[in-house]
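**Student:**
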Amino acid sequence: MLFELSRPLDDLEGMLLAEFGGQALSVRDIYEQHSVGKRYISKNYKDILMRLEAQGRIIANPPADERRKNTLADHVMIAFRQEGKT
63 MLFELSRPLD
73 DLEGMLLAEF
83 GGQALSVRDI
93 YEQHSVGKRY
103 ISKNYKDILM
113 RLEAQGRIIA
123 NPPADERRKN
133 TLADHVMIAF
143 RQEGKT
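Take a look at the structure:
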């Protein structure tokens, strides 16, 4: 149980890329659909999504340069690339 509580955010990154590849959803929808039964909080999802955006692995609308620095509101739309899908 303790291991699950300290699960690294890298695991969350991989899960999101695999589960949502090729889809576009709001930050809120991603959290609500994916977090059920998992021990991640909304901030974890936002941190990972901002990291993926900086890496160019997802596209956010509006993009980072049109948002307050280091923020990702619930209504921001996220478009996942096809990576992670076979």
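This note's numbering applies: residue 63 is where the sequence shown begins, and numbers increase by one. Glycine is no exception: its CB is placed at the ideal position from the N, C-alpha and C atoms.
Find the nearest neighbour of residue 138 within the set 119, 118, 108 and 116, judged by alpha-carbon distance.
**Tutor:** In the sequence shown, counting from the first residue as 1, residue 138 sits at position 76. If we check each option's Cα against that of residue 138, 108 comes out closest.
**Student:** Taking DSSP's pairing of strands, which residues face residue 121 in a bridge?
**Tutor:** For the purposes of this step, residue 121 is taken as the residue at position 59 of the sequence shown. Its beta-bridge partners are 141.
**Student:** Between which two residues does the alpha helix (DSSP H) carrying residue 80 extend?
**Tutor:** Stepping through the sequence shown from its first residue, residue 80 is reached at position 18. First-last of the alpha helix (DSSP H) with residue 80: 71–82.
**Student:** With H, G and I counted as helix, E and B as strand and the rest as coil, what does DSSP make of residue 97?
**Tutor:** As a position in the sequence shown, residue 97 is number 35, starting the count at 1. Coil at residue 97, not helix or strand.
**Student:** Considering residue 126, what are the terminal residues of the beta strand (DSSP E) in which it resides?
**Tutor:** By 1-based counting over the sequence shown, the position of residue 126 is 64. Unbroken run through residue 126: none, as it is neither H nor E.
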